[in-house]
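Worksheet: one structure, shown below.
There are 2 protein chains.
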Amino acid sequence: MDMKKMLVNERVKPYLSKARYGIEKEGQRVDLTGMLVHTNHPENIAMSDDHPYIKRDFAETQMELVTPVTDSLKELFDYLTAIHEVAYRSMDENEMLWPLSMPPELPKDEKDIIIAKLANDEGVQYRQSLADSYGRRKQMISGIHYNFEFSDELLQALFKAQSEIIAFPHFKTEVYMKITRNYLHYRWLITYLYGASPSSEKNFFDNDSLDEPVRSIRSSKYGYTNRNNVQVSYSSLKTYIADISLMIEKGILSEEKEFYSAVRLRGGSQVADLEERGIGYIELRNIDINPFDKNGISYEQAEFLHLFLIYMLWKDEEMDCDEWVKKGELYSEAVALEHPLAITQFKAEAETIVDEIEQLTQLLGLAVSEGLFANFREMLQDPSKTLAGKLFEKSKDSSQGQVATCIAKEYHETAWEKPYQLTSFTDMELSTQFLIFDAMQQGIQVEIIDRQDQFLKLKLNNHIEYVKNGNMTSKDSYIATLIMENKTVTKKILQQQGFRVPAGEEFNDIEQALQAFELFSTKAFVVKPKSTNYGLGISIFKEGASYEDYQKSLTLAFEEDSSVLIEEFLNGTEYRFFIMNDEVQAVMSRIPANVVGDGKHTVEELVAQKNQDPLRGRDHRTPLEKIQLGELEVLMLKGQGKKLDSIPKKDEILYLRENSNVSTGGDSIDVTDQISDDYKKIAVDAVAALGAKISGIDLIIESIEVPASANNAYGIIEANFNPSMYMHIFPYKGKSRRVTMKLIRYLFPELV
Amino acid sequence: MDMKKMLVNERVKPYLSKARYGIEKEGQRVDLTGMLVHTNHPENIAMSDDHPYIKRDFAETQMELVTPVTDSLKELFDYLTAIHEVAYRSMDENEMLWPLSMPPELPKDEKDIIIAKLANDEGVQYRQSLADSYGRRKQMISGIHYNFEFSDELLQALFKAQSEIIAFPHFKTEVYMKITRNYLHYRWLITYLYGASPSSEKNFFDNDSLDEPVRSIRSSKYGYTNRNNVQVSYSSLKTYIADISLMIEKGILSEEKEFYSAVRLRGGSQVADLEERGIGYIELRNIDINPFDKNGISYEQAEFLHLFLIYMLWKDEEMDCDEWVKKGELYSEAVALEHPLAITQFKAEAETIVDEIEQLTQLLGLAVSEGLFANFREMLQDPSKTLAGKLFEKSKDSSQGQVATCIAKEYHETAWEKPYQLTSFTDMELSTQFLIFDAMQQGIQVEIIDRQDQFLKLKLNNHIEYVKNGNMTSKDSYIATLIMENKTVTKKILQQQGFRVPAGEEFNDIEQALQAFELFSTKAFVVKPKSTNYGLGISIFKEGASYEDYQKSLTLAFEEDSSVLIEEFLNGTEYRFFIMNDEVQAVMSRIPANVVGDGKHTVEELVAQKNQDPLRGRDHRTPLEKIQLGELEVLMLKGQGKKLDSIPKKDEILYLRENSNVSTGGDSIDVTDQISDDYKKIAVDAVAALGAKISGIDLIIESIEVPASANNAYGIIEANFNPSMYMHIFPYKGKSRRVTMKLIRYLFPELV
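Sequence lines, in order, name chains L and V. For the record, in the first sequence the residue sitting at position 508 is 524 according to the numbering used here, with numbers rising by one throughout. For the record, in the second sequence the residue sitting at position 729 is 745 according to the numbering used here, with numbers rising by one throughout.
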């Protein structure tokens with residue numbers, strides 16, 4: 017099998033950059049001073065042992081963050097970032113994640129390291145056996161596992177480009193075996209570049225300790241390795257499986273997963289499955305946590321590992337596999353124990369490898385980040401540019417522990433800075449971001465099946481739910497949403513079922529509408545296009561209208577739509593009731609953009625002050641919008657005899673808009689607890705009458721002090737089938753109502 | 017109460033033309049020679065005694081068509097027309113409806129007149145008692161009942177315009193009592209204008225008979241009247257109720273409904289309810305069937321009756337109510353028995369009334385059909401213009417029976433002419449028209465809640481279902497339709513569940529897509545905008561593409577949508593599977609617009625011939641579309657070396673389009689019985705995988721002879737959430753599949 021020839025095959029090349037990825041990242045929970053916490057795993061997170069994203073590793077304080085398998089590195093890092101944010105915001109606000117592989121200061125008595133309090137007894141017993149074998153301290157080391165799978169298209173293309181191996185699964189296994197052996201041989205380069213555990217903190221070492229800092233304690237014999245009697249041959253998959261089985265039989269390993277190799281062969285739940293199915297993917301386990309990236313691993317690192325694995329496939333190996341792997345172990349150990357600022361003994365070899373990889377990327381037409389190779393050469397030239405070197409340098413003025421605490425604080429602050437968003441998903445709607453957050457927290461698998469279209473797949477065990485735009489779900493029937501979409505139909509149905517809706521008529525041509533003038537002329541009424549409610553073409557006549565004004569309003573409305581509604585105008589305040597599954601989840605009152613005077617500042621200054629609120633932003637990226645000072649606002653001020661430089665009196669309220677939409681700077685005020693049950697019942701019953709399960713229904717209420725049963729106490733304006741959720745979660749004033757979490761629990765009632 | 021003053025009140029006038037209407041129309045089923053049929057009520061029609069639209073009156077052959085209550089005359093006639101069409105097309109094609117009030121030739125032995133075979137015993141017993149009291153012959157007379165209710169707004173406005181009566185229900189009763197008395201007094205004018213039963217057919221009269229033709233046998237003592245001892249006072253609602261009760265007590269009437277007044281007071285299921293609730297509406301019962309309108313009553317008649325009732329409200333009555341009503345009876349009897357061509361003895365009075373009504377319409381600003389009053393004056397001047405006169409005149413050359421048979425045939429032909437549409441609902445989608453038809457036939461109440469939006473409310477007993485666009489229902493969840501709407505999501509889900517879909521990728525910018533060139537360049541593939549499938553911007557490369565062509569196709573596609581799909585091209589024929597509730601209801605193959613040569617005619621002539629098919633029309637108003645001969649068709653011919661005036665050889669098939677859409681003249685061919693179960697199972701399972709209940713799923717099948725389990729035997733292109741239904745009901749070739757009826761039965765499983 018001439019892999020070098022196969023790789024440059026034109027039918028192979030297009031697929032080289034396609035792969036599947038997954039990352040696991042461990043990290044200790046510490047307090048704001050960098051000390052290990054004594055708290056349990058956060059209660060906010062679903063406590064299931066098989067939480068797909070946030071688990072406990074060896075210790076109760078040791079969080080393991082796990083991404084799903086993704087088809088691109090971008091997605092991988094989007095998930096990794098989001099999972100970090102969910103983890104941070106699920107912990108106590110005074111807790112943070114330790115950004116190093118080596119644990120923070122440990123308790124003097126290792127018994128005070130608390131083993132993860134899992135529900136599963138076997139899991140606890142296994143950890144107990146590890147504690148007995150290796151000591152608890154060593155288990156507190158954290159790291160990154162990088163899971164990698166070549167795309168099926170690539171493997172198929174490679175398979176077709178050769179003729180020696182007849183069965184595809186066997187071919188695939190051979191590919192991964194070669195990569196694994198080569199990786200084990202060359203991994204010293206990874207240790208050099210990305211090793212990042214130069215020193216340990218207090219109480220890590222029991223007796224013996226390291227006198228000098230190194231590149232990677234974790235990758236050295238002092239780190240997270242099996243005892244010397246654990247020996248596995250990589251010469252073939254068969255020998256690999258047989259050796260591991262033998263060691264378990266002999267009791268040298270308690271379980272398969274106790275085999276801590278730098279590469280683990282994956283492809284089933286048990287090693288024995290590999291024999292049947294072949295190798296499905298590999299897991300690189302020798303990656304230290306990168307303290308200089310909030311995710312513990314940078315995008316560039318992940319990209320390079322992919323490239324490095326292609327190089328491992330391309331690169332010839334030596335015939336004696338075991339010898340080849342064994343050499344690699346020695347090299348890696350040597351590099352791991354070098355001083356972080358020392359030029360490595362393998363500098364020449366490393367430079368050759370970098371050159372070869374660069375040539376290979378050109379040969380295969382692979383895209384790589386700019387400056388990647390220059391950067392590596394610099395790191396080889398100047399060890400202080402390596403991760404270990406950098407960390408060691410920074411620690412000189414204080415200590416590694418203090419540096420780590422500072423870094424952790426910075427990440428902690430970033431994670432809490434904008435609690436209403438998921439940084440890596442800000443291109444999606446706020447409500448969808450909330451929903452992703454809540455689903456992840458609850459241990460529900462989230463797959464984004466169409467990002468542009470806000471389409472999510474949520475999965476808990478075998479239960480799948482699809483959600484679009486935050487709350488379009490399987491719970492509502494299609495017809496219910498179509499009913500809500502059509503204002504005339506909504507009104508007819510509500511009226512037939514005895515609810516009060518503004519009286520009115522629909523007109524499909526202007527002549528007909530003009531003839532109906534006398535029906536409305538002396539009343540308070542609204543002329544509006546059928547399809548838009550708070551948009552263009554709406555005229556309100558609070559005290560009747562002249563024929564000319566009536567005609568003008570119709571012309572305006574018919575410009576917007578071929579159907580126009582003329583409706584009775586209802587007096588009162590508009591309230592949005594958010595209904596889900598026959599229950600009121602939140603009630604909101606929306607107030608037009610406004611400022612409250614203090615007798616000192618101008619309108620312009622007051623607006624600027626109000627806009628300081630981090631909840632206010634632009635383009636629906638934040639729960640509230642910044643107040644604009646455009647034509648409309650100036651006009652509105654003028655109507656009140658004010659200008660931008662007027663100084664309103666103390667407590668004087670100036671409105672800058674007529675409409676109350678949050679999208680034009682309005683304030684959202686939660687009034688759920690202020691609205692009496694009778695109005696809530698009307699809202700719930702009306703939504704039920706429409707056959708809907710999730711709806712934002714708008715009621716005009718003349719006075720919430722008056723009972724709903726009073727004559728004309730309320731009127732229903734419309735029902736919305738995709739009601740905004742974020743405004744209830746982050747209102748301007750009043751209590752937050754986490755309606756996205758309610759939705760998760762509605763979709764997945766099996767959640768406890 | 018000065019009604020004349022009240023009516024001209026400005027707050028009253030706008031509401032005068034608002035009212036609610038309902039029509040009942042009886043008619044005998046006859047064969048094509050005009051003889052009474054011996055068949056039972058059509059089996060196609062749900063046999064329930066309380067069918068809302070199509071019932072049996074006295075006899076099994078006597079159909080009663082009932083409209084729902086409507087808010088406008090237009091709607092009223094739309095329903096009446098539709099119900100007629102449903103009735104006609106539910107009967108045997110050799111049956112039709114007799115267009116006269118007087119029955120066709122009756123059996124010699126009146127026992128051969130079959131009483132309606134109702135399920136309800138009481139109904140049968142009541143009819144038996146009528147047969148005993150009046151004889152079966154008399155019960156065979158048919159007529160129109162016109163139900164009329166003033167709008168609530170009008171009554172409220174009138175109520176406010178007076179101060180004598182304090183309770184609204186009482187006021188309303190007084191209004192209707194006045195109208196009723198006046199109508200009973202003046203109804204002779206209606207008898208004159210609209211009387212239409214001049215002669216009887218064979219065996220109607222037992223012994224005595226009429227020597228001379230008259231205006232209305234039905235309205236005379238020879239018609240459908242109670243015996244003389246039935247006397248009811250209309251002086252107040254109380255006396256009315258008391259008198260009816262008394263007559264039942266005495267056994268003079270068997271039931272309340274046996275009281276055959278020209279006006280019936282309505283407002284509850286029993287006369288006694290009137291006392292409590294007041295009069296709700298009135299039923300005019302003295303309207304003969306108008307043979308010159310296919311509905312048995314014309315729009316103008318209905319419009320005039322409304323006007324006439326306003327006049328009845330306006331017109332003063334005499335103090336002695338009983339006398340006033342009694343006089344009216346005598347006048348009407350006199351007019352009814354006048355010769356149809358004789359000038360009426362009340363000509364002068366009639367002219368005064370017409371003048372007064374005309375003035376009243378001007379005074380109140382009411383809109384009326386042009387020429388209405390001129391027409392009445394002509395009818396008074398020339399009795400041959402009245403309905404009775406016209407029928408009598410026409411019968412001179414042959415006989416009334418022959419004229420009626422001719423008219424009936426004409427209506428029968430019209431009703432069958434376009435069996436794929438409901439004439440009065442042709443502005444709606446064909447599938448919705450079918451659904452209305454089927455629902456009506458099944459006795460489901462159909463309310464059109466938004467006509468423009470194809471929004472129906474279907475009701476059977478207490479079970480309500482809403483349907484939009486023919487098949488958007490409560491059966492599908494919102495998310496299932498959103499999944500189907502999004503081709504990328506559909507494909508992902510199907511793929512995850514193991515179905516074969518064309519491999520492909522979605523691109524959101526052209527650069528990204530260009531970079532992927534090598535992934536597709538050597539394959540058969542399609543470039544298409546994400547949101548439209550068979551629209552613009554699609555390029556097909558059956559044998560790979562050059563970079564230039566690839567780039568061009570992307571530019572085209574990105575002009576249509578910001579997202580573009582590049583997909584593997586699948587070889588084979590496309591089949592549409594219509595799935596409902598996990599069952600295949602129909603499978604259709606669509607073939608591009610084409611003609612088959614006969615060796616004689618030119619392409620142009622062949623197209624013209626093919627377009628003769630009454631199923632072919634334009635703009636989706638018919639099940640198939642006419643083949644166009646535009647630029648595209650000419651180009652397509654040119655590609656085959658032909659022109660419009662080429663004469664294709666016998667059996668040579670020439671395609672005029674590349675695409676197979678029915679909307680561009682394609683042929684739809686039902687192949688349900690030709691497709692094997694394994695492909696059907698795939699279609700059903702795939703729709704289930706999407707969580708959908710109603711879907712048109714498109715499979716490309718390489719050969720239907722090859723089992724579906726064969727490698728790459730099929731591929732799923734897309735699933736449609738609002739699949740066309742009419743094309744399955746009226747295919748170009750193959751069996752009709754009445755999917756709308758299946759839908760009705762799916763929505764209402766309680767139907768037997």
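All C-beta atoms, glycine included, are put in the ideal place defined by N, C-alpha and C.
{"Query": "Inter-residue spacing [alpha-carbon to alpha-carbon] between residue 541(V) and residue 98(L)", "Result": "36 Å"}
{"Query": "Proximity of residue 596(L) and residue 751(L) at Cβ, strictly below 9 Å", "Result": "no"}
{"Query": "Any chain L beta carbon closer than 9 Å to residue 465(V)", "Result": "yes"}
{"Query": "CB of residue 58(V) within 9 Å of CB of residue 68(V), strictly", "Result": "no"}
{"Query": "Backbone secondary structure at residue 317(V) - three-state DSSP", "Result": "helix"}
{"Query": "Pairwise C-alpha distance: residue 181(L) and residue 34(L)", "Result": "23 Å"}
{"Query": "First and last residue of the uninterrupted alpha helix (DSSP H) at residue 757(L)", "Result": "755-763"}
{"Query": "C-beta neighbour in chain V for residue 27(L), strict 9 Å", "Result": "yes"}
{"Query": "First through last residue of the beta strand (DSSP E) which encompasses residue 474(L)", "Result": "471-476"}
{"Query": "Beta-carbon gap between residue 764(L) and residue 449(L) smaller than 9 Å", "Result": "no"}
{"Query": "Continuous alpha helix (DSSP H) stretch holding residue 206(L): start and end", "Result": "204-210"}
{"Query": "For residue 354(L), three-class secondary structure by DSSP", "Result": "coil"}
{"Query": "C-beta neighbour in chain C for residue 31(L), strict 9 Å", "Result": "In the structure shown, chain C cannot be found, because the protein chains are L and V."}
{"Query": "Residues from the stretch 98-118 of chain V in contact with chain L, defined by Cβ distance under 9 Å", "Result": "none"}
{"Query": "9 Å Cβ cutoff, residue 550(L) in contact with chain V", "Result": "Low local confidence applies: a pLDDT of 49 at residue 550(L) is under 50, so the model's placement there is unreliable, with the coordinate-based value given in what follows. No, no contact with chain V."}
{"Query": "Runs of alpha helix (DSSP H) lying entirely within the stretch 591-651 of chain V, each at least 4 residues, in chain order", "Result": "619-627"}
{"Query": "Residues bridged to residue 81(V) (per DSSP)", "Result": "41(V), 70(V)"}
{"Query": "First and last residue of the uninterrupted beta strand (DSSP E) at residue 519(V)", "Result": "From DSSP, residue 519(V) is part of no beta strand (DSSP E); its letter is neither H nor E."}
{"Query": "DSSP state of residue 399(V) mapped onto helix, strand, coil", "Result": "helix"}
{"Query": "Within 8 Å of chain L by C-beta, residues of the stretch 498-509 of chain V in sequence order", "Result": "498, 499, 502, 504, 505, 508, 509"}
{"Query": "Three-state class that DSSP yields for residue 479(V) in the structure shown", "Result": "strand"}
{"Query": "Candidates 22(L), 686(L), 115(L), 272(L), of which the one nearest residue 290(L) by Cα", "Result": "272(L)"}
{"Query": "Proximity winner among 19(L), 585(L), 32(L), 37(L), relative to residue 300(L) (alpha-carbon distances)", "Result": "37(L)"}
{"Query": "Contacts that residue 535(L) makes with chain V (C-beta to C-beta distance below 7 Å)", "Result": "30"}
{"Query": "Cutoff 7 Å; reference residue 831(L); Cβ partners in own chain excluding five residues on either side", "Result": "Nothing can be reported for residue 831(L), as the shown portion of chain L is limited to 17 through 768."}
{"Query": "Contacts that residue 732(L) makes with chain V (C-beta to C-beta distance below 8 Å)", "Result": "Here the premise fails: no neighbours, minimum Cβ distance about 16 Å."}
{"Query": "Residue 560(L) at chain V interface by Cβ criterion, 9 Å", "Result": "no"}
{"Query": "Segments of 3+ residues assigned as beta strand (DSSP E) that fall wholly inside the stretch 421-507 of chain L", "Result": "461-466, 471-476, 479-484"}
{"Query": "Proximity winner among 195(V), 395(V), 490(V), relative to residue 737(V) (alpha-carbon distances)", "Result": "490(V)"}
{"Query": "Delimiting residues of the alpha helix (DSSP H) encompassing residue 533(V)", "Result": "533-536"}
{"Query": "Alpha-carbon to alpha-carbon, residue 433(L) and residue 626(L)", "Result": "18 Å"}
{"Query": "Distance CB(residue 373(V))-CB(residue 324(V)) smaller than 9 Å", "Result": "yes"}
{"Query": "Nearest to residue 214(L) (by Cα), restricted to the options 281(L), 265(L), 233(L)", "Result": "233(L)"}
{"Query": "Positions along the stretch 483-497 of chain V whose CB lies within less than 9 Å of some CB in chain L", "Result": "483, 484, 485, 488, 489, 490, 491, 492, 493, 494, 495, 496, 497"}
{"Query": "Residue 512(V) to residue 473(L) span [Cα, whole Å]", "Result": "12 Å"}
{"Query": "Cross-strand partners of residue 192(V) (DSSP beta bridge)", "Result": "The partner list for residue 192(V) (beta bridge, DSSP) is empty, contrary to what the question assumes."}
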